[in-house]
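Residue numbering for the sequence shown follows our numbering, beginning at 28 and increasing consecutively. We put the CB at the ideal spot given by N, CA and C, even for glycine. Quick caveat, the model's predicted, so the values are computed rather than measured. All remarks here apply to the structure that follows.
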Amino acid sequence: VSLSSSSSNNNNEGIEEFGVRRDEKWLERSTRWVVIVDDEESIRKAVGQYLFDQGYQVTACADGPTALRVCKSKVVDNTTNNNGQGTTTGAVPDMIVSDVRMPGMDGLELLREIRQDELLLGVPVVLLTAKGMTQDRIAGFKAGADAYLPKPFDPEELISIIDNSISRHEILSGGSVGVEDIKKDLDEVKYLLLEKGGAGVSHGW
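Take a look at the structure:
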(Lines of atoms letter the chains of each structure in order from A and count residues from 1; the text may use other names and numbers.)
(Lines give C-alpha, C1' and ligand atoms only; values in the text may rest on other atoms or scores of the structure.)
Protein backbone atom coordinates (compact mmCIF):
# COMPACT_ATOMS: atom_id res chain seq x y z
CA VAL A 1 0.00 0.00 0.00
CA SER A 2 1.36 3.36 -0.98
CA LEU A 3 0.49 6.54 0.86
CA SER A 4 2.42 9.71 0.32
CA SER A 5 1.99 13.14 1.84
CA SER A 6 4.07 16.09 0.72
CA SER A 7 3.32 18.40 3.63
CA SER A 8 6.82 19.86 3.41
CA ASN A 9 5.74 21.54 0.18
CA ASN A 10 3.41 24.44 0.90
CA ASN A 11 1.48 23.78 -2.33
CA ASN A 12 0.71 20.25 -1.17
CA GLU A 13 0.15 20.91 2.52
CA GLY A 14 -2.97 19.18 3.79
CA ILE A 15 -3.10 16.73 0.87
CA GLU A 16 -2.61 12.96 1.06
CA GLU A 17 -2.30 11.05 -2.20
CA PHE A 18 -3.03 7.33 -2.03
CA GLY A 19 -1.36 5.10 -4.61
CA VAL A 20 -3.28 3.55 -7.49
CA ARG A 21 -4.31 -0.09 -7.16
CA ARG A 22 -3.73 -2.28 -10.18
CA ASP A 23 -5.43 -5.42 -8.86
CA GLU A 24 -7.58 -7.11 -11.49
CA LYS A 25 -10.29 -7.48 -8.82
CA TRP A 26 -10.67 -3.70 -8.64
CA LEU A 27 -10.17 -2.93 -12.33
CA GLU A 28 -13.42 -0.96 -12.68
CA ARG A 29 -12.98 1.08 -9.50
CA SER A 30 -9.32 1.82 -10.26
CA THR A 31 -10.43 4.33 -12.91
CA ARG A 32 -12.58 6.21 -10.39
CA TRP A 33 -11.14 9.15 -8.48
CA VAL A 34 -12.58 10.05 -5.08
CA VAL A 35 -11.65 13.22 -3.19
CA ILE A 36 -12.14 13.20 0.60
CA VAL A 37 -12.41 16.45 2.57
CA ASP A 38 -12.13 16.42 6.37
CA ASP A 39 -10.21 18.59 8.81
CA GLU A 40 -9.57 15.60 11.10
CA GLU A 41 -6.45 13.85 9.84
CA SER A 42 -7.29 10.51 11.45
CA ILE A 43 -10.68 10.36 9.72
CA ARG A 44 -9.54 11.34 6.25
CA LYS A 45 -6.62 8.91 6.40
CA ALA A 46 -8.81 6.07 7.67
CA VAL A 47 -11.51 6.69 5.07
CA GLY A 48 -8.92 7.24 2.36
CA GLN A 49 -7.13 4.02 3.19
CA TYR A 50 -10.38 2.06 3.20
CA LEU A 51 -11.45 3.45 -0.19
CA PHE A 52 -7.97 2.75 -1.54
CA ASP A 53 -8.23 -0.83 -0.31
CA GLN A 54 -11.52 -1.09 -2.22
CA GLY A 55 -9.78 -0.08 -5.43
CA TYR A 56 -10.41 3.64 -5.81
CA GLN A 57 -7.91 6.36 -6.64
CA VAL A 58 -8.03 8.60 -3.58
CA THR A 59 -6.91 12.11 -2.68
CA ALA A 60 -7.60 13.38 0.86
CA CYS A 61 -7.73 17.11 1.63
CA ALA A 62 -7.72 18.93 4.97
CA ASP A 63 -9.99 21.84 3.98
CA GLY A 64 -12.40 23.16 1.37
CA PRO A 65 -10.13 25.58 -0.53
CA THR A 66 -7.49 22.86 -0.90
CA ALA A 67 -10.14 20.44 -2.16
CA LEU A 68 -11.34 22.90 -4.81
CA ARG A 69 -7.78 23.33 -6.04
CA VAL A 70 -7.16 19.58 -6.10
CA CYS A 71 -10.45 18.85 -7.89
CA LYS A 72 -9.36 21.05 -10.79
CA SER A 73 -5.66 20.16 -10.71
CA LYS A 74 -5.94 17.67 -13.58
CA VAL A 75 -7.89 20.00 -15.85
CA VAL A 76 -5.84 21.71 -18.56
CA ASP A 77 -6.83 24.95 -20.28
CA ASN A 78 -6.28 24.64 -24.02
CA THR A 79 -5.84 27.37 -26.56
CA THR A 80 -8.96 28.72 -28.22
CA ASN A 81 -10.58 26.48 -30.80
CA ASN A 82 -11.63 27.37 -34.35
CA ASN A 83 -14.72 29.12 -33.03
CA GLY A 84 -12.62 31.37 -30.83
CA GLN A 85 -13.81 29.64 -27.67
CA GLY A 86 -11.56 28.35 -24.91
CA THR A 87 -11.57 24.60 -24.28
CA THR A 88 -10.49 22.39 -21.40
CA THR A 89 -9.38 18.79 -21.14
CA GLY A 90 -8.56 16.49 -18.26
CA ALA A 91 -10.30 14.80 -15.38
CA VAL A 92 -12.41 15.97 -12.48
CA PRO A 93 -13.24 13.68 -9.53
CA ASP A 94 -15.87 10.99 -9.92
CA MET A 95 -16.98 11.62 -6.33
CA ILE A 96 -16.36 14.09 -3.50
CA VAL A 97 -16.90 12.99 0.12
CA SER A 98 -16.87 15.93 2.54
CA ASP A 99 -17.40 16.50 6.23
CA VAL A 100 -19.92 19.26 7.01
CA ARG A 101 -18.48 20.78 10.17
CA MET A 102 -15.03 22.18 9.30
CA PRO A 103 -13.31 25.46 10.26
CA GLY A 104 -13.17 28.15 7.61
CA MET A 105 -15.01 26.87 4.56
CA ASP A 106 -17.39 24.22 5.88
CA GLY A 107 -18.84 21.36 3.84
CA LEU A 108 -22.00 23.26 2.91
CA GLU A 109 -20.06 26.23 1.59
CA LEU A 110 -17.76 23.86 -0.30
CA LEU A 111 -20.80 22.18 -1.84
CA ARG A 112 -22.21 25.54 -2.96
CA GLU A 113 -18.88 26.42 -4.56
CA ILE A 114 -18.87 23.07 -6.38
CA ARG A 115 -22.41 23.52 -7.67
CA GLN A 116 -21.51 26.99 -9.00
CA ASP A 117 -18.32 25.84 -10.71
CA GLU A 118 -18.70 25.04 -14.41
CA LEU A 119 -16.13 22.24 -14.25
CA LEU A 120 -17.34 20.60 -11.03
CA LEU A 121 -21.09 21.21 -10.87
CA GLY A 122 -21.96 17.69 -12.04
CA VAL A 123 -19.66 15.82 -9.64
CA PRO A 124 -21.63 13.73 -7.09
CA VAL A 125 -21.11 14.88 -3.48
CA VAL A 126 -21.67 12.90 -0.28
CA LEU A 127 -21.74 14.86 2.98
CA LEU A 128 -20.72 13.41 6.35
CA THR A 129 -22.31 14.82 9.49
CA ALA A 130 -22.92 13.98 13.14
CA LYS A 131 -26.08 12.06 13.98
CA GLY A 132 -29.07 14.23 14.76
CA MET A 133 -27.91 17.22 12.71
CA THR A 134 -31.17 17.42 10.77
CA GLN A 135 -30.67 21.05 9.77
CA ASP A 136 -27.32 20.19 8.19
CA ARG A 137 -28.95 17.45 6.13
CA ILE A 138 -31.77 19.73 4.97
CA ALA A 139 -29.33 22.51 4.08
CA GLY A 140 -27.11 20.03 2.26
CA PHE A 141 -29.88 18.63 0.10
CA LYS A 142 -31.03 22.16 -0.72
CA ALA A 143 -27.47 22.99 -1.78
CA GLY A 144 -27.31 19.96 -4.07
CA ALA A 145 -25.89 17.07 -2.01
CA ASP A 146 -26.40 13.65 -3.61
CA ALA A 147 -26.37 11.78 -0.31
CA TYR A 148 -25.82 12.16 3.43
CA LEU A 149 -24.10 9.77 5.81
CA PRO A 150 -24.20 10.29 9.59
CA LYS A 151 -21.08 9.66 11.69
CA PRO A 152 -20.13 7.11 12.81
CA PHE A 153 -20.90 5.18 9.64
CA ASP A 154 -20.39 1.69 8.28
CA PRO A 155 -17.59 1.81 5.66
CA GLU A 156 -19.52 -0.65 3.49
CA GLU A 157 -22.46 1.75 3.43
CA LEU A 158 -20.15 4.50 2.19
CA ILE A 159 -18.89 2.21 -0.57
CA SER A 160 -22.46 1.42 -1.63
CA ILE A 161 -23.37 5.11 -1.71
CA ILE A 162 -20.27 5.97 -3.74
CA ASP A 163 -20.78 3.15 -6.25
CA ASN A 164 -24.48 3.93 -6.69
CA SER A 165 -23.97 7.69 -6.96
CA ILE A 166 -21.20 7.35 -9.54
CA SER A 167 -23.20 4.83 -11.58
CA ARG A 168 -26.29 7.06 -11.48
CA HIS A 169 -24.22 10.06 -12.56
CA GLU A 170 -22.69 8.10 -15.45
CA ILE A 171 -26.15 7.09 -16.65
CA LEU A 172 -27.56 10.61 -16.36
CA SER A 173 -24.51 12.14 -18.05
CA GLY A 174 -25.42 10.11 -21.12
CA GLY A 175 -27.94 12.88 -21.78
CA SER A 176 -30.93 12.71 -24.08
CA VAL A 177 -29.56 9.77 -26.06
CA GLY A 178 -30.07 7.50 -23.07
CA VAL A 179 -33.56 8.91 -22.46
CA GLU A 180 -34.56 8.37 -26.09
CA ASP A 181 -33.29 4.80 -25.96
CA ILE A 182 -35.46 4.14 -22.92
CA LYS A 183 -38.48 5.69 -24.65
CA LYS A 184 -37.93 3.48 -27.70
CA ASP A 185 -37.71 0.39 -25.50
CA LEU A 186 -40.94 1.33 -23.73
CA ASP A 187 -42.70 1.95 -27.05
CA GLU A 188 -41.59 -1.47 -28.31
CA VAL A 189 -42.89 -3.18 -25.17
CA LYS A 190 -46.17 -1.28 -25.44
CA TYR A 191 -46.53 -2.29 -29.11
CA LEU A 192 -45.89 -5.96 -28.35
CA LEU A 193 -48.41 -5.96 -25.51
CA LEU A 194 -51.07 -4.32 -27.67
CA GLU A 195 -50.30 -6.69 -30.58
CA LYS A 196 -50.97 -9.62 -28.29
CA GLY A 197 -54.23 -8.05 -27.14
CA GLY A 198 -52.99 -7.30 -23.65
CA ALA A 199 -55.98 -6.33 -21.58
CA GLY A 200 -55.72 -3.29 -19.38
CA VAL A 201 -52.83 -1.71 -21.25
CA SER A 202 -53.31 2.05 -21.31
CA HIS A 203 -52.89 3.81 -24.65
CA GLY A 204 -51.59 6.81 -22.71
CA TRP A 205 -48.56 4.96 -21.35
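Query: Three-state class that DSSP yields for residue 77 in the structure shown; Result: helix
Query: Residue 167 vs residue 131 beta-carbon contact at 8 angstroms; Result: no
Query: Pair within 8 angstroms by beta-carbon distance, residue 148 and residue 124; Result: no
Query: Residue 158 (DSSP reduced to helix, strand or coil); Result: coil
Query: Environment of residue 42 [buried if 16+ CB atoms lie within 10 Å]; Result: buried
Query: CB of residue 122 within 8 angstroms of CB of residue 61, strictly; Result: yes
Query: Where residue 113 falls, given that 16 or more other Cβ within 10 Å makes a residue buried; Result: Bear in mind that the predicted position of residue 113 carries a pLDDT of just 49, short of 50, making it too unreliable to give a figure here.
Query: Candidates 182, 73 and 126: closest to residue 94 by CA position; Result: 126
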